[in-house]
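Accompanying notes for the structure given below.
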Amino acid sequence: AGTKIDNLVQVGHGVVTGKGCALASQVGIAGGARLGNGVILAGQVGVANRAVVGDRAIASSKSGIHGEIAAGEVVSGYPAIPNRLWLRCSAAFNKLPEMARTVRRLSEEKAGQ
2 AGTKIDNLVQ VGHGVVTGKG CALASQVGIA GGARLGNGVI LAGQVGVANR AVVGDRAIAS
62 SKSGIHGEIA AGEVVSGYPA IPNRLWLRCS AAFNKLPEMA RTVRRLSEEK AGQ
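Remember, our numbering sits 1 above the position in the sequence shown when you count from 1.
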């Protein structure tokens, strides 16, 4: 089966796509990027100029890919990082204000000793 390209996908000059890729709506691929075979790019993924995405790699929606993504890797976020790391970071985002207050309080206590 060939590569499937959804609506509103922008593919820049000189882009090379492998066989059997799936590009969801609103994906943008800048010029000179290379996609391996079986790559899946979910909605609104952006691929930077001259980025390389390995075979069977998957990018979750709204990911920003620059540089190189290894074959078989699943990435998320902007910039794109391994999905498991992105999930851990996302879980911590809401806790950051409280964590900052705790660090500030502990620093003040340490300075007062």
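Where a beta carbon is used, it is the ideal one built from N, C-alpha and C, also for glycine. Keep in mind it's a predicted model, so treat the numbers as computed, not measured.
Through-space distance from residue j to residue i, alpha-carbon basis
i, j, result
"Ser77", "Ala112", "39 Å"
"Gly1", "Gly47", "Because the chain spans 2 through 114 in this model, residue 1 falls outside it and cannot be assessed."
"Trp87", "Glu69", "17 Å"
"Ala71", "Thr18", "15 Å"
Assigned secondary structure, residue i (DSSP; H/G/I helix, E/B strand, else coil)
i, result
"Arg74", "The sequence given here places Glu at residue 74; Arg does not occur at that position. Three-state DSSP puts Glu74 in coil, outside helix and strand."
"Cys83", "In the sequence under discussion, the amino acid at residue 83 is Pro, which differs from the Cys named in the question. Looking at Pro83 - three-state DSSP - the assignment turns out to be strand."
"Leu42", "strand"
"Lys111", "helix"
"Thr103", "helix"
Nearest residue (CA-CA) to residue i, options the options
i, options, result
"Ile30", "Val40, Val12, Ile6", "Val12"
"Leu9", "Gln45, Ala58, Trp87, Lys63", "Gln45"
Residue environment, residue i, which counts as buried when at least 16 other CB atoms sit within 10 Å
i, result
"Cys22", "buried"
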